[in-house]
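Read through the structure below, which is laid out as structure tokens, and then see the notes.
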Amino acid sequence: MDALDILTDLENVIPFFQPIFSADEQRVIAYEVLGRYQSEGSIISLGSFFHDDSIPEEYKFEVDQLLVQKALERALKLDDDVSIYLNRDADLLMYRHGEPFLQDLLAFEKRGLNLKRIVLEISEGNYKGDFGQLDHLLQYYRTYGIKVAIASIDSDTNFFERIGQLGPEIIKINLRALKSNATAASFTDVLFSLSLLARKIGATLLFENIEMSYQLQFAWKNGGRYYQGFYLYPPSSEFIERDLLKQRLKGKFHEFITYEKKKLEAIYSAAEFFQNKVQDIIVKNKKANYEVLFTSLIKEMDQIAFRMYVCDEDGFQKSSNMFKGESGWYSQKEYIEKNWSWRPYFLENIIKMRNEGKGILSDLYSDIETGETIRTFSIPINGSDYLFIDISYKYLFENEQLL
Ligand code: CA
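Once you know that position 127 of the sequence shown is 136 in my numbering, the rest is easy, because the numbers rise by one and skip nothing.
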């Protein structure tokens, strides 16, 4: 489609709306506005028009302005708690210092559209301008109640930094990257950090491009409050009934919850199993030194563990590492007196174990030395010392509910 065709035929530039659903209410809470052009019965996306560097900014602005006006005109008829997401390329946003766009929004505010319902989806992909000015403009918009969503996680190395700088209300995560299990593992880890960050700064996670059930499950499991994608509803020229998917989403959540509860029960049982087994061995070796304790543990847990050591409650290591290498278990003395209090959750776990008088099975994480996905079982052994047993990937794999 030629840019000129579009510019000379603006009445056929129309907004499409893709509903965004919330997990807490299981209904439509927003629409993202997408640009479309209709010609001879077919409808094409204006995405390539807006991304085309050879088209002058003022033409893009003109088409965009029209789209926004048409979309907001329609939005006046929506319930007044439904938000409108507008895609804003950073260059477009900075067009004439963002003033004409703001004036358009203010005109709609006068007609009853609360600007708190406007969410700007910022994409900074090719932005070469001054980020200070961009951020300044966004802060200015926010004084009107307008919200900011920052989009895309793929390959954007500045993403975490930008989230820190902008403090967006919404973080949009594209699930297109989640197509195979190969990408899933590392993607999950990045997402986990992102969900912690979002929680810290009070941002909401919105997952987009949900195209299959497992992607919805992934979004639900990873702290996603808002969902969008073809699996739920495609972009359309019309708004939909807000509760259209309520029953279906409830059904899906029921599935996810059942599965997750089963998994958590299994992890709880495993923790109990380790507790009983290890406690037994500790009691039997109450008077013995740590070398003897390790010998007993190895006898019982050779197929379960690959590393064990003892720390005091400040994280100073009181024993060698007992490590299972290619040719069996051996002692690594160089670990004595190392300190582990800096590790995430270390002191929290010590306090928990001390107060509850029992062990803890950790979450899944990558072992720094072996790179394997493992869990650690830790347990108090006397007034001041704590035993740590690293559970091998092989064992977790054989007991797959632990993975
Ligand atoms: Ca978008």
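Virtual Cβ for every residue (Gly too), placed ideally from N, Cα, C.
Rounded to the nearest angstrom, the gap between the Cα atoms of residue 52 and residue 375 is 48 Å. Comparing alpha carbon positions, the residue from 79, 402, 38 closest to residue 380 is 402. Going by C-alpha positions, residue 245 is about 35 Å away from residue 209. Relative to ligand 1, the beta carbon of residue 135 is positioned no closer than 7 Å to any heavy atom. Those residues whose C-beta sits under 6 Å from the nearest heavy atom of ligand 1 are, from N- to C-terminal order along the chain, 41, 96, 130, 160. In this structure, residue 238 sits near residue 220, with a CB-CB distance shorter than 8 Å. If you draw a 10 Å sphere on the C-beta of residue 100, you find 16 or more other C-beta atoms in it, and that means buried. Judged by DSSP in its simplified three-state form, residue 367 adopts coil rather than helix or strand. Residue 129: member of the beta strand (DSSP E) spanning 127–132, first to last residue.
Listed in chain order, the beta strand (DSSP E) elements of length 3 or more contained wholly in the segment 18–52 are 22–31, 37–48. Per DSSP, reduced to three states, the secondary structure at residue 65 is coil, with no helix or strand assignment. Comparing C-alpha distances from residue 186 to each of 228, 213, 173 shows the shortest one belongs to 228. A contact is defined here as three or more CB-CB pairs under 8 Å, and the segment 279–299 fails this definition with respect to the segment 39–57.
By alpha-carbon distance to residue 97, the top candidate from 125, 90, 156, 152 is 156. If you compare the alpha carbons of 90, 267, 80, 48 with that of residue 37, the shortest gap goes to 90. In this structure residue 202 is exposed. Its beta-carbon is surrounded by fewer than 16 other beta-carbon atoms within 10 angstroms. Between residue 40 and residue 23, the beta carbon gap of about 14 Å keeps them out of contact (Cβ cut-off 8 Å).
A residue is called buried when at least 16 other Cβ atoms come within 10 angstroms of its Cβ; residue 62 does not meet this threshold and is exposed. A residue is called buried once 16 or more other Cβ atoms fall within 10 Å of its Cβ, and residue 289, having fewer, is exposed.
Each residue's CA atom was taken as its position, placing residue 248 and residue 223 some 26 Å apart. A direct Cα-Cα distance of roughly 31 Å separates residue 410 from residue 212.
Under a 10 Å Cβ-count criterion, residue 92 is classified as buried, with 16 or more other Cβ atoms of the shown protein chains found around its own Cβ.
For a cut-off of 8 Å, the C-beta gap from residue 160 to residue 188 is around 18 Å, too long to register as a contact. Taking a 10 Å sphere around the C-beta of residue 85, we find fewer than 16 other C-beta atoms and assign the residue as exposed.
Rounded to the nearest whole angstrom, the C-alpha separation of residue 255 and residue 218 is 19 Å.
Taken in chain order, the unbroken stretches of alpha helix (DSSP H) that lie wholly in the segment 78–156 and span 4 residues or more are 99–102, 108–119, 140–151.
According to DSSP, residue 333 shares a beta bridge with 338. Segment contact: the segment 385–402 against the segment 362–374, three or more CB-CB distances shorter than 8 Å; contact assigned.
For residue 222, the uninterrupted alpha helix (DSSP H) segment begins and ends at 222–230. Residue 398 sits close to residue 287, with the two beta carbons spaced by under 8 Å.
Judged by DSSP secondary structure, residue 181 falls within the beta strand (DSSP E) whose first and last residues are 179–183.
A straight line joining the alpha-carbon of residue 121 with that of residue 199 spans about 40 Å.
About 11 Å separates the beta carbon of residue 127 from that of residue 158, a gap too long to meet the 8 Å contact definition. For residue 278, the enclosing alpha helix (DSSP H) stretches over residues 255–293. Here residue 112 is not near residue 144, since their CB atoms are 8 Å or more apart. Its Cα nearest to that of residue 393, the residue 364 stands out among 364, 21, 257, 68.
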